[in-house]
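Engineer: Below is the structure I would like to discuss, written out as structure tokens.
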Amino acid sequence: MSMDDVFKALADESRRTLLDRLHARNGQTLGDLCEGLAMSRQAVTKHLAILEAANLVATRRQGREKLHFLNPVPINDIAERWIGKFERDRLAALSDLKRQLESDDHE
69 MSMDDVFKAL
79 ADESRRTLLD
89 RLHARNGQTL
99 GDLCEGLAMS
109 RQAVTKHLAI
119 LEAANLVATR
129 RQGREKLHFL
139 NPVPINDIAE
149 RWIGKFERDR
159 LAALSDLKRQ
169 LESDDHE
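So, in structure tokens, the structure goes:
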């Protein structure tokens, strides 16, 4: 699993919808995930396979059912690598500005 696989998986709106649904209620079956979607069961299955390959979804068998669970770790890795480093600079700039404004008030 590479970060490229995660970005490719997240690039599709249908896959993001499936992840949102798992975030709202983890441990759903394929039938649960198909409910209310304008997609065929086969299309949902293909999207879930891509999400599983990117390690964004994990599955567990429970009797005859296969339950799907959101794995947030790859998304967190993206946040740490791609968002976090940009956010740090912005937060440091805001902190510097706050200190500057506070020191101007006391002069």
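Numbers 69 to 175, taken from the numbering used here, label the letters of the sequence shown in order. By construction, the Cβ of each residue, glycine as well, lies at the ideal position given by its N, Cα and C atoms. What you are looking at is a predicted structure, and each value in this text was computed from that prediction instead of being measured.
Residue range of the alpha helix (DSSP H) that Thr127 falls in?
Structural biologist: By 1-based counting over the sequence shown, the position of residue 127 is 59. First-last for Thr127: Val125 to Gln130, but that is the beta strand (DSSP E), not the alpha helix (DSSP H).
Engineer: Grab me the residues of Phe137's own chain with a C-beta within less than 8 Å of its C-beta, minus the 5 sequence neighbours each way, in chain order.
Structural biologist: Taking the sequence shown and counting its residues from 1, the one referred to as residue 137 is at position 69. Here the set comprises Leu90, Asn94, Gly95, Val125, Ala126, Thr127 and Arg128.
Engineer: Pick out the complete alpha helix (DSSP H) segments inside the region 70-135, 4 residues or longer, and give them in chain order.
Structural biologist: Listed in chain order, they are 71-78, 81-92, 98-102 and 109-121.
Engineer: Tell me which residues share the same chain as Asp145 and place their Cβ nearer than 8 Å to its Cβ, disregarding the 5 neighbours each side in the sequence.
Structural biologist: Start at 1 with the first residue of the sequence shown, and residue 145 comes out as number 77. Met71 and Val74, listed in sequence order.
Engineer: Spatial neighbours of Leu78 within its chain, please: C-beta separation below 7 Å, excluding the five flanking residues on both sides.
Structural biologist: Counted from its first residue, the sequence shown places residue 78 at position 10. The answer, listed in chain order, is Arg84.
Engineer: What's the C-alpha gap between His115 and Glu103?
Structural biologist: One-based indexing of the sequence shown puts residue 115 at position 47. One-based indexing of the sequence shown puts residue 103 at position 35. Distance between the alpha carbons of His115 and Glu103: 15 Å.
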